[in-house]
Amino acid sequence: MSTFKHFYHRDYDQKLALLSDFANLSDSQVEQFKKDYSANNDNLIENYVTNYSLPEGVAVNFVVNHKNYVAPMVTEEPSVIAAASNGARLLSKNDSLTAEVLGHNLMGQIVVKTDEANLMMGFVRTHNDEMLDVANQAHPSILKYGGGAQRIRVRKLDEHYVSIDLFVNVGEAMGANMMNSMLETLASFVETRFPNQVLMSILSNYAEDCLVKVTGSVAFNQLGTGDISGKDVARKIEEASHIAQIDKYRATTHNKGIMNGVDAIVMAMGNDWRAVESSVHAYASRDGQYRGLSNWHRVDDKLVGEMTLPLSLGFVGGAVKVLPKVKINQQLATVQSKDELAKLVAAVGLSQNLAALKALVTEGIQKGHMNLQLNSLAMTAGAEPSEVSRLVTAMKHQNKKDLNSAKELLKQIRNNDEGE
Ligand code: NDP
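Numbering-wise (the working numbering), the sequence shown opens with residue 36 and increments by one.
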């Protein structure tokens, strides 16, 4: 029998005791888990053990639609925040970053097993208003927030299945729970005519009705670096952007760079980054090939970038209401609605992308990266926070940037200190 049978019924200390036995945890390891216990989070997820914290920083220099922002970002990856700030500085110099939200609806689907797609289309056509009403009645307060069910469409998936798609304006929430309640109620209504034929009802994370478009430009003369002229850097960025359109291997990494920024701010804002990730990557392959999400072109003496992302975010609800730092981050970012948040998130993604492409086509990604990675290496080698900077300087000075050398250099630093 599994040691973990009915694990979720046990209280916190019993759970830790079982885990400690199972994995041979030391007393100090168990204490570390306990030290970071939070009753709030114990209620948030199942089989809660401890808080797992990630660093939060802020990317600066954002001017989006003529308003100044800082972008709170939660990430464990060095150089992400520096790059976002750097890209934002370039794009904000001439106040060029503009973003607009192109749609506000979340879509959910009821999948029905039927060979008679035409019958279903007829049923939905004749009951359209009634069905919108049924959906709204499942979560009537959404009308109070200015939202509600907007429209219904029927898609034939193959010879045996159709999807009834419900589009809902979910107000300031991400709307997953609200949508799922509406769908399940609507599914019962559909079953009155098509009994036992509903397979499932769930929102779609493909947020093509929540698109956010961001554009920005930077003058050639802001892009020069070392002995490469700004004009050449712009041309190379345009070429790099083209490669991400034609090669899925490059596109994946291009988009990973964008998501370095997007995920970090989405997390800081208490939003569901898995939903954002799945949506964005599906959107990147909307024409059948996976492509880069952004495009960069030279126009006159400027490099112009644009990107459209499907972002279904929430400004209320979900983790926003339970994670206390999210409220502070909303205030820090000075965003006041989910539309404003979506615009800032898209601007972070484009800025992140510009900084990465610029580094790639000039000095390479490693130079900036390694400087910051050395801090991590120093900590991995065992350096205390007060020793990190000295150890990094020593590693750079002696051009020794591997773990063994870091440990050796740390030993030398400590020996020297003792000798003083
Ligand atoms: P909630 O269930 O917290 O719902 C948001 C609630 O906020 C609303 O129901 C409403 O409650 C209240 N509210 C207050 N002001 C407003 C406003 N102006 N506009 C709209 N609602 C308002 O969260 P969501 O429904 O947003 O769901 C998000 C969560 O669902 C996330 O945690 C996500 O991880 C999770 N999830 C995601 C799925 C997916 O992506 N596939 C699937 C299932 C869950 P009231 O009407 O009572 O006032």
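Ideal Cβ placement from N, Cα and C applies to all residues, glycine included.
Cβ-heavy atom distance, residue i to the ligand NDP, below 8 Å
{"i": "residue 236", "result": "no"}
{"i": "residue 309", "result": "yes"}
{"i": "residue 109", "result": "no"}
{"i": "residue 83", "result": "no"}
{"i": "residue 360", "result": "no"}
{"i": "residue 43", "result": "no"}
{"i": "residue 128", "result": "no"}
{"i": "residue 241", "result": "no"}
{"i": "residue 182", "result": "yes"}
{"i": "residue 214", "result": "yes"}
{"i": "residue 70", "result": "no"}
{"i": "residue 303", "result": "no"}
{"i": "residue 448", "result": "no"}
{"i": "residue 205", "result": "yes"}
{"i": "residue 265", "result": "no"}
{"i": "residue 435", "result": "no"}
{"i": "residue 217", "result": "no"}
{"i": "residue 191", "result": "no"}
{"i": "residue 199", "result": "no"}
{"i": "residue 174", "result": "yes"}
{"i": "residue 157", "result": "no"}
{"i": "residue 315", "result": "no"}
{"i": "residue 532", "result": "Outside the displayed range of the chain (36 to 455) lies residue 532, so it cannot be described from this structure."}
{"i": "residue 416", "result": "no"}
{"i": "residue 177", "result": "yes"}
{"i": "residue 142", "result": "no"}
{"i": "residue 405", "result": "no"}
{"i": "residue 351", "result": "yes"}
{"i": "residue 208", "result": "yes"}
{"i": "residue 413", "result": "no"}
Where the beta strand (DSSP E) containing residue i begins and where it ends
{"i": "residue 285", "result": "That residue, residue 285, is in no beta strand (DSSP E); its alpha helix (DSSP H) goes 283-303."}
{"i": "residue 49", "result": "First-last for residue 49: 47-58, but that is the alpha helix (DSSP H), not the beta strand (DSSP E)."}
{"i": "residue 185", "result": "183-191"}
{"i": "residue 333", "result": "329-334"}
{"i": "residue 96", "result": "91-99"}
{"i": "residue 340", "result": "337-345"}
{"i": "residue 69", "result": "Here residue 69 belongs to no beta strand (DSSP E); instead the alpha helix (DSSP H) covers 62-70."}
{"i": "residue 179", "result": "Per DSSP, residue 179 belongs to no beta strand (DSSP E); it is in the alpha helix (DSSP H), 176-179."}
{"i": "residue 82", "result": "No beta strand (DSSP E) holds residue 82; DSSP gives it neither H nor E."}
{"i": "residue 40", "result": "Where residue 40 is concerned, there is no enclosing beta strand (DSSP E), given that its DSSP letter is neither H nor E."}
{"i": "residue 105", "result": "102-109"}
Residue i at chain D interface by Cβ criterion, 9 Å
{"i": "residue 103", "result": "The structure shown contains no chain D, having only a single protein chain."}
Rounded straight-line distance, which links the Cα of residue j to that of residue i
{"i": "residue 199", "j": "residue 145", "result": "5 Å"}
{"i": "residue 49", "j": "residue 359", "result": "28 Å"}
{"i": "residue 300", "j": "residue 228", "result": "45 Å"}
{"i": "residue 91", "j": "residue 224", "result": "46 Å"}
{"i": "residue 205", "j": "residue 294", "result": "24 Å"}
{"i": "residue 41", "j": "residue 389", "result": "50 Å"}
{"i": "residue 271", "j": "residue 396", "result": "6 Å"}
{"i": "residue 264", "j": "residue 275", "result": "16 Å"}
{"i": "residue 112", "j": "residue 125", "result": "22 Å"}
{"i": "residue 60", "j": "residue 382", "result": "44 Å"}
{"i": "residue 326", "j": "residue 439", "result": "40 Å"}
{"i": "residue 350", "j": "residue 366", "result": "12 Å"}
{"i": "residue 123", "j": "residue 387", "result": "8 Å"}
{"i": "residue 136", "j": "residue 337", "result": "25 Å"}
{"i": "residue 185", "j": "residue 44", "result": "42 Å"}
{"i": "residue 238", "j": "residue 345", "result": "15 Å"}
{"i": "residue 176", "j": "residue 243", "result": "25 Å"}
{"i": "residue 163", "j": "residue 324", "result": "35 Å"}
{"i": "residue 149", "j": "residue 414", "result": "60 Å"}
{"i": "residue 432", "j": "residue 120", "result": "27 Å"}
{"i": "residue 340", "j": "residue 172", "result": "43 Å"}
{"i": "residue 436", "j": "residue 409", "result": "7 Å"}
{"i": "residue 399", "j": "residue 286", "result": "17 Å"}
{"i": "residue 332", "j": "residue 253", "result": "11 Å"}
Residue span of the alpha helix (DSSP H) that contains residue i, given as start and end
{"i": "residue 374", "result": "373-396"}
{"i": "residue 431", "result": "420-433"}
{"i": "residue 452", "result": "438-454"}
{"i": "residue 361", "result": "359-368"}
{"i": "residue 315", "result": "308-319"}
{"i": "residue 170", "result": "163-173"}
{"i": "residue 75", "result": "74-77"}
(request) Run through the stretch 115-143 for me and flag every whole beta strand (DSSP E) of 3 or more residues, listed as ranges in chain order. (result) Qualifying beta strand (DSSP E) stretches, in chain order: 133-136.
(message) Which runs of the alpha helix (DSSP H) at least 4 residues long sit entirely within the stretch 200-272? Give them in chain order.
(response) Those alpha helix (DSSP H) runs which fall completely within the stretch 200-272 and span 4+ residues are 211-228.
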